[in-house]
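First the structure, in the form of structure tokens, and then the observations on it.
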Amino acid sequence: MFRINKRNSKFIEVYNDYYSLIFGSVCIRINSVDDAEDITQEIFTRFFNKMDEVQNPRKWLLGTMRMVLFEFYKKKRDDVVDIDEVFSDVSLTFFNGMRDQRLIIKEILEDESTFGNAQNMVIFDLIAIQRYTMEEAAKELGLSRDQIKYRYGIINKNILISLKKKGITSLEELL
């Protein structure tokens, strides 16, 4: 008969509470269910080994997810990946499968003040939706990479301001 001790019970509780968040976040970032399962397993294995030292499981899991994804990108990709761009992409929050969150995001994206002008909407569409790199978007629109990066930063800031107006204080609340 299998006995569950306090340590195993804690792990099961954290696993049940955060598996969907971690798996969904990983899957969105790498677009591969098989790799996402492996990466999620690695994250929870590391958690199991360190859980006695962990004060805030959610924060620890998200931080470890970032590190494990960085390791994944480093192994799988020949090109250099800017991990900050991977994690700052607001579009990563758009595919969690929850109708309410999608409606909130749709309202924000349909609000003209979020973008300021039509070209900024195109920039957002190219980078966040169609997954162009900033260099590719710059070439497509005849702008410099720095111009694209600046405008995309303003768009992201406006989206975050709109989310705060709707009572959402962090992107994790949308996951």
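In case it helps, the numbering used here puts the sequence shown at residues 232 to 406. Every residue, glycine too, gets a C-beta built ideally from N, C-alpha and C. This one's a predicted model, so the numbers in the text were calculated from it and none came from an experiment.
Query	Result
Of the residues F279, N262 and N280, the one placed nearest L300, counting alpha carbons only	N262
F355 in three-state terms, based on DSSP	helix
Whole-number beta carbon distance between I379 and M365, since they are thought to touch under 8 angstroms	5 angstroms
When R289, M296, K290 and D283 are compared against S240, the one with the closest alpha-carbon	D283
Separation of E268 from T345, as counted between CA atoms	35 angstroms
For V299, the three-state DSSP class (helix, strand or coil)	helix
Y249 beta carbon less than 7 angstroms from that of L292	yes
Rounded straight-line distance, which links the Cα of S393 to that of I339	6 angstroms
Contact under 7 angstroms by Cβ, N348 with R382	no
Nearest residue (CA-CA) to K408, options I390, F279, K290 and S375	Examination of residue 408 is not possible in this model, given that the chain is present from 232 through 406 alone.
I259 beta carbon less than 7 angstroms from that of I200	Summary: the structure shown does not reach residue 200, with the chain confined to residues 232 through 406, and so no result is reported for it.
Beta-carbon gap between P288 and V257 smaller than 7 angstroms	no
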